[in-house]
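So the structure is just underneath, and the comments pick up after that.
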Amino acid sequence: MAQSTETTDWVSRFADEVIEESERRAPGKATSPATAPVIVVASGLSPSGPIHLGNLREVMTPHLVADEIRRRGHRVRHLISWDDYDRFRKVPKGIAGVDEDSFSQHIGKPLTSVPAPEGSAHPNWAEHFKAAMIESLAELGVEFDGISQTAQYTSGVYREQILHAMRHRGEIDAILDQYRTKKAPAKKQQKPLDEAELEAAEGSGAAAEDDGSSGSAGYFPYKPYCGNCEKDLTTVTAYDDDTTELTYTCTACGFAETVRLNEFNRGKLVWKVDWPMRWAYEGVVFEPSGVDHSSPGSSFQVGGQIVGIFGGKQPIGPMYAFVGISGMAKMSSSRGGVPTPADALKIMEPQILRWLYARRRPNQSFKIAFDQEIQRLYDEWDKLDAKVADSSALPGDVAAHARAVGTAAGELPRTPRPMPYRTLASVADVTAGHADQALRILSELDPARPLASLDEVRPRLDKAETWINTQVPADQRTIVREEPDHDLLKSLDEPSQQSLRLLLDGLADHWSLDGLTHLVYGVPKVQAGFPADATPKELPPEIKTAQRSFFALLYHLLVGRDTGPRLPTLLLAVGQERVRALLGE
Ligand SMILES: [Zn+2]
Numbered sequence: 021m022a023q024s025t026e027t028t029d030w031v032s033r034f035a036d037e038v039i040e041e042s043e044r045r046a047p048g049k050a051t052s053p054a055t056a057p058v059i060v061v062a063s064g065l066s067p068s069g070p071i072h073l074g075n076l077r078e079v080m081t082p083h084l085v086a087d088e089i090r091r092r093g094h095r096v097r098h099l100i101s102w103d104d105y106d107r108f109r110k111v112p113k114g115i116a117g118v119d120e121d122s123f124s125q126h127i128g129k130p131l132t133s134v135p136a137p138e139g140s141a142h143p144n145w146a147e148h149f150k151a152a153m154i155e156s157l158a159e160l161g162v163e164f165d166g167i168s169q170t171a172q173y174t175s176g177v178y179r180e181q182i183l184h185a186m187r188h189r190g191e192i193d194a195i196l197d198q199y200r201t202k203k204a205p206a207k208k209q210q211k212p213l214d215e216a217e218l219e220a221a222e223g224s225g226a227a228a229e230d231d232g233s234s235g236s237a238g239y240f241p242y243k244p245y246c247g248n249c250e251k252d253l254t255t256v257t258a259y260d261d262d263t264t265e266l267t268y269t270c271t272a273c274g275f276a277e278t279v280r281l282n283e284f285n286r287g288k289l290v291w292k293v294d295w296p297m298r299w300a301y302e303g304v305v306f307e308p309s310g311v312d313h314s315s316p317g318s319s320f321q322v323g324g325q326i327v328g329i330f331g332g333k334q335p336i337g338p339m340y341a342f343v344g345i346s347g348m349a350k351m352s353s354s355r356g357g358v359p360t361p362a363d364a365l366k367i368m369e370p371q372i373l374r375w376l377y378a379r380r381r382p383n384q385s386f387k388i389a390f391d392q393e394i395q396r397l398y399d400e401w402d403k404l405d406a407k408v409a410d411s412s413a414l415p416g417d418v419a420a421h422a423r424a425v426g427t428a429a430g431e432l433p434r435t436p437r438p439m440p441y442r443t444l445a446s447v448a449d450v451t452a453g454h455a456d457q458a459l460r461i462l463s464e465l466d467p468a469r470p471l472a473s474l475d476e477v478r479p480r481l482d483k484a485e486t487w488i489n490t491q492v493p494a495d496q497r498t499i500v501r502e503e504p505d506h507d508l509l510k511s512l513d514e515p516s517q518q519s520l521r522l523l524l525d526g527l528a529d530h531w532s533l534d535g536l537t538h539l540v541y542g543v544p545k546v547q548a549g550f551p552a553d554a555t556p557k558e559l560p561p562e563i564k565t566a567q568r569s570f571f572a573l574l575y576h577l578l579v580g581r582d583t584g585p586r587l588p589t590l591l592l593a594v595g596q597e598r599v600r601a602l603l604g605e
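Residue numbers for the sequence shown follow our numbering, so the first one is 21 and each next one is one higher.
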């Protein structure tokens, strides 16, 4: 069963802080973790378009902390606030079923009032993009309580809070005004955000840090959506605190009306007031935010001053750094090079993605590899997995591993026989979708324990195959020669011919991953008069050169290039018979 990983990593330390803060807020009520008040942590996501992989940190940070709290026996609620009552700000580019011209007419409406992209099974824009994220979160084992802000606002859940904010608009205005008079703070980032990061920041739900505006009638922290055109291009022109009568006009269509705010449900608090109102309403104890929300005058800082008006407290809110992407192939991204969690889960298992977030403190940025780096990442993961199994891993690494492989609810489904990702990728590369060939090759890797079925290496095999097919450029794919390269074979000098003969003579006895590794490194040693198992210390440095040229020769004869997948894997993938033919036997 899931074990607590006490104070060994950043997650544990935040869990300590959050539990302490929760007890401070309700002193004396915590007789035991199971009966203490439910601890609330929160994330906010705006389904204004595909929800990017970068925004996953908004969810993973509180998820990991909530999960640790749960492992310790406390009751915890992880809210994901779907900011689907936010305005539709712009038409994102490159989305199937979305024509920029026809969708631009919806700008200014709530995201739930914009139609879904054509062909979608979902009722509106927000639901369409939420659905993809919900599916990815399920695969990642993230347990959460989703709250639609459209549902909250339009059913009048926040009525008292809205009326309260209107009554205290002077105080709110005074707080906001401290920042309005200041110059925009210097950017804290060391480098300008690139386009993908800006897109990610905009997707986070709060980048449009609207704090409401002052018209001739004064400042109002509330904005109605127009009763005629549904857009938020409205201005409040009069408000009566006693009757709650509010008059607004729409600058988009000219519509004007007077409503009673104590029964009106088609509008929302402006972002900088909305966020702290929800901290107070839900009793949020932990909610991190991106760097764009954490600078002076940002919504998190201002919210800390406004939340008291609603009788609440600011949550513990660490800033998290951006998550970058390395080497995303354009063709498979949902949108102009910015991948979603679903894109990542097509090429890596959920454990690996969880591990990336668990092992780095939130203020450390990191990159998620879509390029060759993913193979090294998987090697590192497998090494850690082995160390955890034989109890030689460091405590912090053990904690990150435990958070990656499961949650308080149990372990995530895993690949029963996790063969190296790079091997699976090479096999997928060389076999190009022929399952029977893949099974043969993978069984030969470890002849003592052949695979009964490819299911033993799934889903890792499927992820590696998708990676090869969607992320590896055509000129880096491996194409095994159909016919031997007769010209090259004829031109070989005696030592080269001898090296091929040594290899061919050893093939049958070495036909496994370990055996072939031994063989391909051993041939140049034997040729130079050393034993095949001589260690590097016993060998002159020239051996390395000899190995390199031997490997290059094999690559040329097998795949017509200088390099390729690791030779032992490649040889197994090509198959003994075909190797013999291509090497001129
Ligand atoms: Zn209007």
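Virtual Cβ for every residue (Gly too), placed ideally from N, Cα, C.
Near ligand 1: F275 beta-carbon under 7 Å from a heavy atom: F275: yes, Cβ under 7 Å from ligand 1.
Every unbroken alpha helix (DSSP H) within the segment 281 to 312, with a cutoff of 4 residues, ordered by chain: List check, alpha helix (DSSP H) in window: 291 to 302.
Residues near P436 by beta carbon distance below 6 Å, same chain, minus five either side: Take P436, set aside five residues on each side of it, and the residues of its chain with a beta-carbon closer than 6 Å to its own are E476, in chain order.
Three-state class that DSSP yields for F123 in the structure shown: DSSP places F123 in helix when its eight states are reduced to three.
Same chain, Cβ closer than 8 Å to F275, neighbours up to 5 away in sequence not counted: Closer than 8 Å at Cβ, skipping near neighbours: C246, G247, N248, C249, T269.
Closer than 7 Å: N248 CB and nearest ligand 3 heavy atom: As presented, the structure is devoid of ligand 3, carrying ligand 1 as its sole ligands.
Exposure label - A228; buried when at least 16 CB within 10 Å: Residue confidence for A228 is low, a pLDDT of 37 falling below 50, so the modelled location carries little weight; the figure read from the coordinates is stated next. Counting the other CB atoms within 10 Å of its CB gives A228 a total below 16, which places it among the exposed residues.
R423 burial status per 10 Å Cβ neighbour count (16 or more: buried): Buried, since its Cβ has 16 or more Cβ neighbours within 10 Å.
Beta-carbon proximity of D252 to G128, cut-off 8 Å: One thing to note: D252 has its Cβ within 8 Å of the Cβ of G128.
Distance cut-off 7 Å: K288 Cβ against heavy atoms of ligand 1: No.
As assigned by DSSP and simplified to three states, the class of S46: It should be noted that the sequence gives Ala, not Ser, for residue 46. Residue state, collapsed to three classes: coil.
The segment 490 to 498 contacting the segment 541 to 550, beta-carbon criterion three pairs below 8 Å: Contact annotation: the segment 490 to 498 does not touch the segment 541 to 550, with fewer than three C-beta pairs closer than 8 Å.
Option in G323, S315, V162 with minimal Cα separation from P241: Answer by Cα proximity: G323.
D534 versus L397 - alpha carbon distance: Answer to the nearest angstrom: the Cα atoms are 22 Å apart.
Reduced DSSP category for W606 - H, G, I as helix; E, B as strand; rest coil: Past the edges of the chain, shown from 21 to 605, lies residue 606, and the structure says nothing about it.
Residue nearest to A613 in terms of C-alpha spacing, selected from D193, P415, P359: What is shown of the chain runs 21 to 605, which leaves residue 613 out entirely.
Assigned exposure category for G310 - 16 Cβ within 10 Å defines buried: Under this definition G310 is a buried residue.
Ligand 1 heavy atom lying under 7 Å from the CB of D129: Looking at the sequence shown, residue 129 is not Asp but Lys. Incorrect: K129 has no Cβ contact closer than 7 Å to ligand 1.
Cα-Cα separation between T264 and V177, rounded to whole angstroms: Their backbone Cα atoms lie some 17 Å apart in a straight line.
Heavy atom of ligand 1 within 7 Å of K251 beta-carbon: For K251, the Cβ falls inside the 7 Å cut-off from some heavy atom of ligand 1.
Residues near D582 by beta carbon distance below 8 Å, same chain, minus five either side: The answer, listed in chain order, is A572, Y575, H576.
Environment of E307 [buried if 16+ CB atoms lie within 10 Å]: It is buried - the Cβ of E307 has at least 16 other Cβ atoms within 10 Å.
Cβ contact check for the segment 54 to 70 and the segment 80 to 99: 3 or more pairs under 8 Å: As far as the Cβ criterion goes, the segment 54 to 70 touches the segment 80 to 99, which means the pair count is three or higher.
Beta-carbon gap between E41 and I326 smaller than 8 Å: No, these two residues do not count as a Cβ contact at 8 Å.
For D193 and D405, the rounded distance between their alpha carbons: Rounded to the nearest angstrom, the two C-alpha atoms are 54 Å apart.
Check: A272 C-beta below 7 Å from any heavy atom of ligand 1: For A272, the shortest separation between its Cβ and any heavy atom of ligand 1 lies below 7 Å.
Distance CB(E155)-CB(A362) smaller than 8 Å: Their beta carbons are under 8 Å apart, which means E155 touches A362 by this criterion.
Segment limits, alpha helix (DSSP H) that includes A448: Counting along the chain, the alpha helix (DSSP H) containing A448 begins and ends at 441 to 451.
Cβ-Cβ distance between Q547 and S519 below 8 Å: Taking a C-beta distance under 8 Å as the contact criterion, Q547 and S519 qualify as a contact pair.
Bridge partner(s) assigned by DSSP for M339: M339 is bridged to S309.
For W102, the residue or residues it bridges with in DSSP: W102 is bridged to L65, S168.
Stretch-stretch touch, CB-based, cutoff 8 Å, three pairs: the segment 583 to 600 with the segment 444 to 462: Segment contact: the segment 583 to 600 against the segment 444 to 462, three or more CB-CB distances shorter than 8 Å; contact assigned.
Collapsed DSSP secondary structure at F386 in the structure displayed: Of the three classes helix, strand and coil, the one that applies to F386 here is strand, per DSSP.
Rounded C-alpha distance that separates L465 from W291: One C-alpha to the other measures close to 57 Å.
Residue environment, G64, which counts as buried when at least 16 other CB atoms sit within 10 Å: By the 10 Å Cβ count, G64 comes out buried.
Coil, strand or helix - G235 by DSSP: In this structure, G235 counts as strand in the three-state DSSP scheme.
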